[in-house]
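Protein chains in written order, with this note's numbering: chain A, -13 to 453; chain B, 6 to 479.
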C-alpha cells in the first residue's frame, strides 16, 4: 500500500501540469486570504476611526466636568443634564470576526458599528453601512472561501477527475488489476495520493497565513475546524471521482460528468435555492418600515402632551418641574414609537431566522452549500454573528434609554463619577458551547457527504473493476 | 440541397441524437422558467411596494400637522428609486446599492435599504436572472454543444471524408456556424423574450425602454456571436475533442468566475476609495470650519450675523425684517452642501473609476464588459445609481431652501414656535426620478461597448482563419 501510494505521488509530482495546478491553487488561496485580511482591516479601520473620535470627545467632556467640579463654577457643563449625556451617542462596535481572513461572508453587507443614544429609534440603528463599491459586492470577493468552495473542486477534477478512466483508456488498468494487490487497496492508494497534495497545500497556506496574521493564530480550534471541513470537501470530490469512474471508459466522459456535477452543485443549486428560499420566506418591506417610523414619529409628536399627562397621572409623586417637560415628552415619544414598531422589527428578525433554518435544512442538497455555510460559521462571518450583534446592541440601547430616561424623569443631574461610569458596549462572542455544537453539526454534515461518496467508491470498487 | 444547409442539418441531428440538445434545452428552459417567475414576482412586489410607499409618503407629508419648517426639514422625505422595467432582465447592482435616500436637513446621506441584506446568505452565490443565464449558463451550454463540432469529426476521421465529398471548408464552416448559431439564437431569444414580454407590462415602459430592450438584445447578440465563434475556433484548433472540452471549460471558468472577482478586487486595491470611518472624519473636518445652524453662538455664526446685519443696515437681529435663524440654517445648508458634495462626489467618482478599472484589469474580459453594459442599459448599473443619487441631492437642496426660505420670510428671529401649514407642504412637489437617456448611457459605456464589439470581431476573424485551416490538419 505504502509503495503504491509513493508511486502514485511520484507520478503526480512528475506531471508539470498537475504541479502547475497545485501551485495555482496555493496562489489563489493565498490571494483569497489577502482579500479577507483587506476587508477585515477596513472594518477595523472604521471602528478605530470612530472610536478615536468618540474617545477625544469624551475626554473633552470629562475635562469640562472636572473643571466645573474643581472650580465650583455656576453654570454646569451641558452634559450634566441626562438628556444631553444620554442623547450624545456612543458607538457599539462589532470587532472583525476571529477568522475573518478566511472568508468575508456577510460582513461586507452588515454594519460593524451602531450608534446608541437616548433618542435613537431601533428602526434606524443599523442604517450606517460600510462604503464598499456595489459592483464589488455584486461580483463577489475573491476570498479563501470562494477559492475553496468554487475553484477547488475544478482543480481536483483537473488533478484526479480522470482517475481509473485515464488508466483504462491508456490500457494500464488491466496490468494493475492483474497484480495480487486487492482492488480496493489500489483504489485507496489512488484516492490518498490524489487527496494528499491539495490537503498539504491547504494546510501549508493556512499555517503560513496564521504565522503572518495574528488573529488567525489566536484561534487554533477554529482553524482546525476550518481545515477539517476543507479536507472533508477534498475527500468528497476525490471519492466521488473514484466512485463514478469505476466503470467509465473515457477520460473525457469522466471529466465532463464531474464538471456537470460541479455546475449543478456549485452554481445552479445554490442560486436556485437562494431564490426559492427568498420567495418562500419574503422579508417584510423596509420601505414600509421607514414610512411606519415616520408615521409613528408624527403620531407620537401629536400625542406628546397626552403622553406626559398620562405619565404624571400614573406617577403622582414624580417631580414635575415645567422646564423639564420637553425632555420628558421626548422620552415618552420614543417609547411610544418603539412600542409601535416592535412587531414590524420582529418580523425582520423572524424572516431572517426562517431563511437561515431553510438554508440549514436544504444544505444537504449540495456539498458546496453545506461547506459555504460551515466555513462562514467557522470563520465567524456568517449572518448569525451579525444577528447576535444586533440583539446585543438592542439590549444595550434599551438599558441606555432606561438609565438616562430614568434620570430625566427623576430630574437628576450627572456628576463626574456618573459621567465616568458611562456604559460602554462590548460585543460578547456567542458562547463556546453553541459554537462547538454548530461546528460539530457542520462537520457531521460534511462527513456524511464524504461517507456517501466513500460508500459509492467502496461499493463500485468492490464489484470487480472492469479492466 | 445546399451543402451548407446539409451540414447544418446533420450537425443539429447529431446533437439531438446524442441527447445533448434536449438536455441543454431542458436545463435552460427550466432555469428560464424559474428565473422568470422569481424575477417577475420580485419585480411586481417591488413596484407595488414602491408605489404604495410613494403614495403613503405623499399623504404623510401633505397631512402633517402645522409645524416649524425646520422640524419638517429634519424629517425630510425619502427619494425612492423606481424599479426600472428592464430590471427583471438584469438586476445589476440593485441588490447591493441602496434603493432609498433620506433627504433631510444638514447634509446628504448615503443610499440605504439594500435588498441583499434581507436575502438568505446563499444570495452571495449569485442571482438567477435572465441576464445571468445568458452571460454564464448559455456559454456553458454552447461549449457542451459545440466543443466537438470540428474536434469530434477529427477524432472520428470524418472531417477529411466530408472534404473529400467536395464540400468546401467555407461551406462546412458556415453550416456548422449556422447550426450552433441557430440553436444559440433560438435559446437567447427564448431567454430574453420571455422576461421582456413581462417587463412591457411594468408601468413606465415607453419608447425609451423599447430602444433599451433592442440595444440589450443587440449587445447579447454580439456576446453570443463571440462565444459561438470562440467555441468553433477552439474546436477547430484542438487535436482531440477532449482537449477542446478541457480548454473551453477552463476558459469559461476563468472568464466567468475567476477574472471578474480578481479584477474587481484588484481595481479596489489599485484605486481605493474612503472607508466609512475616513468619510466621517473628512466630513467632520470639513464641517468643523463651517456654520452650524443650531449653534448661533459659534464664531462663524457670529461672523455671518455681522454680515447679515450690515447687509440689512440694522444693529441687531431683532431689528431684522426676516428671521435670522432661517438665514443661518440656509447658510449652514449651503456650507454642508459643499462639504458633502465634495466628499460624496469623490466617493462616486472613485467607485466609477474602479468600475472602469475592473474592465481594464480583466483585460477587457467579454463577460465583465457585457455585464457592465447590460446593467447600464437595463437601468441597474452603478452609473444609474450615481445619477439617482445626484438627482436626489439636487431635490434635497431645493427642498431645504424652500423650507428655510419660508421660515425666514414668515417669522421673526428666535421665533421657533412659528408653524407652517398645508400651503407650504403642498408647495413641495413630489420627487420624480428621471433616468438618463439611452444615448447618454451608451456614451458613458464606451470602453465596454468597444470591448464587446472588438471581441465579436476578433472571435469571428479567429473562427474564420481557424476553420479554413481545420481541414488541412490531421
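Just so it is clear, CB atoms sit at the ideal spot from N, CA and C, and this is done for glycine as well.
{"Check": "Tell me the residue span of the alpha helix (DSSP H) that contains residue 24 of chain B.", "Outcome": "Element bounds for residue 24 of chain B: n/a, residue is neither H nor E."}
{"Check": "Have a look at residue 2 of chain B and residue 109 of chain B and give me their C-alpha separation to the nearest angstrom.", "Outcome": "Outside the shown range of chain B, which is 6 to 479, sits residue 2 of chain B, and nothing can be said about it."}
{"Check": "Can you grab the Cα-Cα spacing for the pair residue 315 of chain A / residue 114 of chain A, in whole Å?", "Outcome": "27 Å"}
{"Check": "In whole angstroms, give me the CA-to-CA distance for residue 455 of chain A and residue 368 of chain B.", "Outcome": "Residue coverage of chain A in this structure runs from -13 to 453, which leaves residue 455 of chain A outside it and unanswerable."}
{"Check": "So residue 395 of chain A is in the alpha helix (DSSP H); what residue range does that whole segment cover?", "Outcome": "369 to 396"}
{"Check": "Taking the alpha-carbon of residue 189 of chain A as reference, which of A:130, A:146, A:240 has the nearest alpha-carbon?", "Outcome": "A:130"}
{"Check": "When the Cα atoms are used, what is the spatial distance from residue 70 of chain A to residue 366 of chain B?", "Outcome": "51 Å"}
{"Check": "So, is residue 326 of chain B buried or exposed, given that buried needs 16 or more other C-beta atoms within 10 angstroms?", "Outcome": "exposed"}
{"Check": "Kindly indicate which residue of A:92, A:104, A:313, A:79 has the alpha-carbon position closest to the one of residue 127 of chain B.", "Outcome": "A:92"}
{"Check": "Check each residue of the stretch 335 to 351 of chain A: if its Cβ is closer than 8 Å to any Cβ of chain B, include it; give the result in chain order.", "Outcome": "337, 338, 341, 342, 344, 345"}
{"Check": "Are residue 472 of chain B and residue 237 of chain B closer than 8 Å when you measure CB to CB?", "Outcome": "yes"}
{"Check": "Beta-carbon within less than 7 Å of residue 79 of chain B's beta-carbon, same chain only, minus the 5 sequence neighbours each way: which residues are those?", "Outcome": "109, 110"}
{"Check": "Would you check if the distance between the CB atom of residue 74 of chain B and the CB atom of residue 408 of chain B is smaller than 8 Å?", "Outcome": "yes"}
{"Check": "Of the residues A:136, A:143, A:211, which one's Cα is nearest the Cα of residue 430 of chain A?", "Outcome": "A:211"}
{"Check": "According to DSSP, which residues form a beta bridge with residue 79 of chain A?", "Outcome": "A:99"}
{"Check": "Anything in chain B within Cβ reach of residue 31 of chain A, meaning under 7 Å, just list it in chain order.", "Outcome": "280, 282"}
{"Check": "What's the C-alpha gap between residue 19 of chain B and residue 95 of chain A?", "Outcome": "48 Å"}
{"Check": "On the three-pair Cβ rule with 8 Å, is the stretch 339 to 349 of chain B touching the stretch 424 to 432 of chain B?", "Outcome": "no"}
{"Check": "Under a Cβ-count criterion, where at least 16 other Cβ atoms within 10 Å of its own Cβ denotes burial, should residue 396 of chain B be classed as buried or exposed?", "Outcome": "buried"}
{"Check": "Taking residue 256 of chain A as the query, report the chain B residues whose CB atoms sit under 7 Å from its CB, ordered along the chain.", "Outcome": "127, 130"}
{"Check": "Going along chain B in order, which residues have a C-beta closer than 9 Å to the C-beta of residue 365 of chain A?", "Outcome": "Within 9 Å Cβ-Cβ: nothing; residue 365 of chain A doesn't reach chain B, min ~12 Å."}
{"Check": "Just reading off the alpha helix (DSSP H) that residue 405 of chain B is part of, what are its end residues?", "Outcome": "387 to 415"}
{"Check": "Do you know whose CA, among B:87, B:415, B:134, lies nearest residue 72 of chain B's CA?", "Outcome": "B:415"}
{"Check": "State buried or exposed for residue 23 of chain B, treating a residue as buried only when at least 16 other CB atoms are found within 10 Å of its CB.", "Outcome": "exposed"}
{"Check": "Taking a cut of 8 Å between CB atoms, which residues from the stretch 121 to 141 of chain A lie near chain B?", "Outcome": "121, 122, 123, 124, 125, 126, 127, 128, 132, 136, 137, 140"}
{"Check": "Can a CB atom of chain A be found closer than 8 Å to the CB of residue 70 of chain B?", "Outcome": "yes"}
{"Check": "Go ahead and pull the three-state DSSP assignment for residue 83 of chain B.", "Outcome": "strand"}
{"Check": "The ligand SAM heavy atoms versus the CB of residue 306 of chain A: any closer than 7 Å?", "Outcome": "The model on display carries no ligand, and the ligand SAM is accordingly not part of it."}
{"Check": "Given residue 113 of chain B, which residues of its chain have a CB within under 7 Å of its CB, disregarding the five upstream and five downstream residues?", "Outcome": "345, 349, 398, 401"}
{"Check": "Under 8 Å by Cβ, that's how I've got residue 12 of chain A and residue 191 of chain A pegged, so tell me the actual separation to the nearest angstrom.", "Outcome": "6 Å"}
{"Check": "DSSP has residue 106 of chain B in a bridge; who is on the other side?", "Outcome": "B:84"}
{"Check": "Residue 64 of chain A versus chain B: which residues are under 9 Å apart at the beta carbon?", "Outcome": "Neighbours of residue 64 of chain A on chain B: none; closest Cβ ~12 Å, over 9 Å."}
{"Check": "Taking the alpha helix (DSSP H) that residue 363 of chain B falls in, what are its first and last residues?", "Outcome": "329 to 366"}
{"Check": "Does DSSP classify residue 107 of chain A as helix, strand or coil?", "Outcome": "coil"}
{"Check": "Let me make sure I understand the geometry here. Which of A:415, A:437, A:84, A:261 has the alpha-carbon closest to that of residue 36 of chain B?", "Outcome": "A:261"}
{"Check": "Using a Cβ-Cβ distance under 8 Å, would residue 448 of chain B count as near chain A?", "Outcome": "no"}
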